[in-house]
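Written out below as structure tokens is the structure these notes cover.
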Amino acid sequence: MDNDIQFADLAEMWQSHDPAPPGLVERALVAIEMEDLDAEYELLHIVERGRTLVGTRGDQAETLTIVFSGNDCSLMMRISPLDGDCRRVDGWVSPPRPVRVSLKQQETAFDSTSDAKGRFEIARMPHGLARAVLSSLPAPDGTAHVEHTEQLFATPAFEV
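Residues 20 to 179 (my numbering) make up the sequence shown, in order.
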């Protein structure tokens with residue numbers, strides 16, 4: 020018997036007799052992404068304190084990971100430098116679901132919608148202070164208006 024056929028039979032047997040719990044894959048992916056974030060967060064603060072003490076602004080070519088948690092959801096963002104004074108933001112909402120993600124800088128909003136896996140991206144935005152706001156999406160049938168969406172989560176200001 021071919022190994023591929025044997026593995027397929029094994030996979031089918033386990034799927035029918037002992038299926039994985041719902042959401043297991045998503046929870047595992049979030050756990051892997053968040054592994055050692057406490058240490059990384061502490062290192063970021065140590066670097067920030069060190070730069071503050073010497074009075075310099077720091078290297079703008081760093082990639083940062085920022086995590087915010089609320090009662091019903093969490094937001095993780097990876098902020099990467101682009102050319103000039105612009106940044107790219109890749110993010111994940113947990114639990115994964117489609118929501119409207121708005122990064123607001125003064126009067127300008129950079130909007131995106133997370134996919135069913137909770138992933139979103141803002142391809143380009145200027146460097147500076149921003150605030151993230153997560154809101155529910157209008158009903159799929161179009162009965163709800165954007166003005167009536169529910170704000171799920173808002174962060175304090177952070178530097179992009």
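Positions of the beta carbon are idealized from the N, C-alpha and C atoms, including for glycine.
In this structure, arginine 119 and methionine 144 do not form a Cβ contact; the two beta carbons are roughly 16 Å apart against a cut-off of 8 Å.
In the DSSP assignment, phenylalanine 26 is bridged to no other residue. With a cutoff of 7 Å on beta-carbon distance, serine 113 and glycine 137 are scored as near each other. The alpha-carbon separation between asparagine 22 and proline 41 amounts to approximately 28 Å. Taken through DSSP and simplified to helix, strand or coil, glutamine 124 comes out as strand. Straight-line measurement puts the Cα of glutamate 45 at about 7 Å from the Cα of proline 115. In the DSSP assignment, glycine 110 falls within the beta strand (DSSP E) that extends over 105-113. About 20 Å separates the CB atoms of valine 152 and alanine 135; that is not less than 8 Å, and the two are not in contact. Under the DSSP definition of a beta bridge, serine 131 partners with Val120. Leaving aside the five residues that flank proline 117 on each side, the residues in its chain whose CB is nearer than 8 Å to its CB run, in chain order, Thr132, Ser133, Asp134, Ala135 and Leu156. Around the Cβ of isoleucine 24, a 10 Å sphere holds fewer than 16 other Cβ atoms; the residue is exposed. Counting along the chain, no beta strand (DSSP E) covers alanine 39, and no H or E run does either. Each residue's CA atom was taken as its position, placing phenylalanine 87 and alanine 39 some 28 Å apart.
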